[in-house]
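For reference, the structure is listed below as structure tokens.
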Amino acid sequence: QVQLVESGGGLVQPGGSLRLSCKASGFTFSAYAMSWYRQAPGKEREVVAAISSTGGSTNYADSTKGRFTISRDNAKNLVYLQMNSLKLEDTAVYYCNTRRNDGYAYWGQGTQVTVSS
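Under my numbering, the first residue of the sequence shown carries the number 644, and numbering increases by one thereafter.
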């Protein structure tokens with residue numbers, strides 16, 4: 644079955660950096676686009692960044708553009724989110740995501756990122 648397992652979250656000061664990882668299994672990873680979402684308390688889940696199946700195309704939310712970088716390693720079934728210049732408002736649970744061709748979405752369990760001084 645499809646599994647997405649995030650790791651790398653934690654507590655960081657404003658201006659700091661974190662790298663999130665998502666290990667995928669149970670499907671042909673290299674054939675699917677991947678995304679990172681986040682959900683802050685009391686807010687809706689929002690897309691942060693997305694990457695095509697080959698890694699040749701990426702997209703970012705306006706709030707993360709220039710600070711976050713999504714990448715993938717298809718040989719290792721991993722997708723990453725490098726987060727730099729973190730802000731208080733980046734505090735959220737971050738989720739790894741992929742979708743089947745029929746639109747059904749798979750989610751990981753999430754990893755908490757807390758930006759605090």
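Where is the CB? At the ideal position from N, CA and C, for every residue including glycine.
Expressed to the nearest angstrom, what Euclidean distance is found between the alpha-carbon atoms of residue i and residue j?
i	j	result
Val690	Gln656	23 Å
Arg742	Gly659	31 Å
Ala692	Lys730	16 Å
Gly653	Ser706	20 Å
Phe670	Tyr749	11 Å
Val758	Asn727	11 Å
Asp733	Gln644	31 Å
Tyr675	Gln682	23 Å
Leu661	Tyr747	29 Å
Pro684	Gly709	24 Å
Glu687	Asn720	28 Å
Ser700	Thr712	12 Å
Excluding the 5 residues flanking residue i on each side, which residues of the same chain have their C-beta closer than 7 Å to its C-beta?
i	result
Gly751	Leu647, Val648, Glu649, Cys665, Tyr738 and Cys739
Anyone know if the C-beta pair for residue i and residue j falls short of 8 Å?
i	j	result
Val736	Ile694	no
Asn702	Phe672	no
By the 10 Å Cβ neighbour count, where 16 or more other Cβ atoms means buried, how is residue i classified, buried or exposed?
i	result
Tyr680	buried
Ala667	buried
Ser760	exposed
Ser678	buried
So, for residue i: in the same chain, excluding its five sequence neighbours on each side, which residues have a beta-carbon less than 8 Å away from its beta-carbon?
i	result
Gly698	Ser714, Arg715 and Asn717
Apart from the five residues just before and just after residue i, which ones in its own chain have a Cβ nearer than 6 Å to its Cβ?
i	result
Gln777	This structure cannot speak to residue 777, because the chain is shown only from 644 to 760.
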